[in-house]
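Trainee:
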Amino acid sequence: MKHIFIVNTVAGEHSCLDEVKNAIANESEVIDYEIFTPNSAKDNISQIKEYLEAHPDEEVRFYACGGDGTINKVASGIYGYPNASMAVLAYGSGNDYIKYYGDLQMFRNVENAMHGTETKVDIMQVNDRFALNATHFGLDSVVAKTMNKIRRYPVIGGKMCYPIAVLKAFFTGMRTKCTVYADGEKLNDGKICLCTIANGRYVGGSYQCAPRSSNEDGLLEVCLIKPVSRLKFALLKKDYTNGTHLDNPKFAQYIVYRRAKQVVIEGGKGFCVSLDGEILKGERIVVEDKMQAIKFIVPKS
């Protein structure tokens, strides 16, 4: 098997390149490997696809060394290639997708990743792009755009950038014009506070937006929150963080929850969604679940 490490040199608060090199060097097993350090997200995907096109008969495992953005790009790159699988070495600031599996520490060991269990997981196709963890919009789009702007800033970057971005959205992004359809059913009247379409369970580092999610059942978890006052949103935030918002009767009138194979979003000019933290603009967004479409390595515990 060929092992290829995709290293995002700007994930988290510092580059993880030296950590990856040291981890490989300290392994007792000799492996056939390469390290890719792409210059951009586009390069990330194209490098993976170019390698797989050139080696169609070789079993290849790609290691996403970074955060959710790197995980997204590796998943997008291997989609459609049955000889490829992906593992994660969690060096990012968020790492939301792998929280689905529990302890993050097991995703920080090369040997665990090399000898983990291969499982097939769902991926979302979002127009002509992909998301592994979540597609979210409304207030969350404001959060994502702010995070992308400040994540590398001193003091307010790193782990602080998400709560700061949420605070900004709290004052500027509480009401977004769009209409959401889940398998053809209209879910709202033209405006939302936020909506999350998920295969994972977490967004933003600690918010358990989709507590009932399964990442291998072929269904998207759709959680739409109707426009609410800032006071009501502040009260909802605790349950949204703990993953109890779907079970709290106090918020039932504000939340629409569905499972669906396809979600269509009709927005206006300038509308955008966040795909695992990356921004996609479009007035009509179609999200479709691709059941068990990629091979994911759950590390040896």
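Just so we're aligned: the sequence shown equals residues -4 to 296 in the numbering used here. Think of the CB as a built atom: it goes at the ideal place given N, C-alpha and C, for glycine as much as any other residue.
I need the straight-line Cα distance from L84 to K144, nearest angstrom please.
Mentor: Roughly 24 Å separates the two Cα atoms.
Trainee: From the DSSP output, read off the bridge partner residues of Y252.
Mentor: In DSSP, Y252 forms a bridge with C218.
Trainee: Please say whether A177 and R279 have beta carbons closer to each other than 9 Å?
Mentor: Result no, Cβ atoms of R279 and A177 do not sit closer than 9 Å.
Trainee: Do the CB positions of G168 and G213 come within less than 9 Å of each other?
Mentor: In this structure, G213 does not lie closer than 9 Å to G168 by Cβ.
Trainee: Taking C-alpha atoms, which residue in S201, G262, K276, R207 lies nearest to L99?
Mentor: The option with the nearest alpha carbon to L99 is S201.
Trainee: Assuming contact is defined by CB atoms lying nearer than 9 Å, are I187 and V217 in contact in what I supplied?
Mentor: Contact flag unset, no.
Trainee: Anyone know if the C-beta pair for A139 and G272 falls short of 9 Å?
Mentor: The answer is yes: Cβ separation under 9 Å.
Trainee: Shortest alpha-carbon distance to L182 belongs to which of I260, L270, A129?
Mentor: When each option's Cα is compared against that of L182, the closest is I260.
Trainee: In this structure, how does DSSP classify A59 when only helix, strand and coil are distinguished?
Mentor: Of the three classes helix, strand and coil, the one that applies to A59 here is strand, per DSSP.
Trainee: Which class does Y46 belong to by DSSP, given the choice of helix, strand or coil?
Mentor: Helix.
Trainee: Under a three-way DSSP split, which group does R307 fall into?
Mentor: No answer is possible for residue 307: the residues shown for the chain start at -4 and end at 296.
Trainee: Could you give the distance in angstroms between the alpha-carbon of E304 and the alpha-carbon of A288?
Mentor: Within the shown structure, residues of the chain are numbered from -4 to 296, placing residue 304 beyond reach of any answer.
Trainee: Taking the alpha-carbon positions, what's the R56 to A255 distance?
Mentor: So the alpha carbons of these two residues sit roughly 31 Å apart.
Trainee: Taking the alpha-carbon of K227 as reference, which of I250, V15, M81 has the nearest alpha-carbon?
Mentor: Comparing Cα positions, the closest option is I250.
Trainee: Are Q203 and G238 close, meaning C-beta to C-beta below 9 Å?
Mentor: Cβ atoms of Q203 and G238: closer than 9 Å.
Trainee: Kindly identify the DSSP beta-bridge partner or partners of T112.
Mentor: According to DSSP, which records beta bridges pairwise, T112 is partnered with V293.
Trainee: Tell me which same chain residues have a C-beta within less than 7 Å of the C-beta of I40, skipping the five on either side of it?
Mentor: The answer, listed in chain order, is K68, S71, G72.
Trainee: Do Q120 and E14 count as a contact pair if the criterion is CB distance below 9 Å?
Mentor: Not a contact, by the Cβ cut-off of 9 Å.
Trainee: Give me the DSSP bridge partner(s) of I274.
Mentor: Its beta-bridge partners are S269.
Trainee: Between Y96 and the rest of its own chain, which residues show a CB-CB distance below 7 Å, the 5 nearest in sequence each way excluded?
Mentor: Cβ within range, chain order: V293.
Trainee: Could you spell out where the beta strand (DSSP E) holding E261 opens and where it closes?
Mentor: Note, E261: beta strand (DSSP E), 257 to 262.
Trainee: Do the CB positions of G195 and A129 come within less than 9 Å of each other?
Mentor: In contact: G195 and A129 (Cβ atoms closer than 9 Å).
Trainee: Pull up the distance between the alpha-carbon of H(-2) and that of V25, whole angstroms please.
Mentor: Distance between the alpha carbons of H(-2) and V25 is about 11 Å.
Trainee: Note down, one range per segment and in chain order, each alpha helix (DSSP H) of at least 4 residues found wholly within the region 152 to 199.
Mentor: For the region 152 to 199, whole alpha helix (DSSP H) runs of length 4 or above, ordered along the chain, are 156 to 167.
Trainee: Using CA atoms only, rank isn't needed, just tell me which of H131, F166, Y157, A160 is closest to V175.
Mentor: The option with the nearest alpha carbon to V175 is H131.
Trainee: What would DSSP say about Y202, mapped onto helix, strand or coil?
Mentor: Note: Y202 maps to strand in three-state DSSP.
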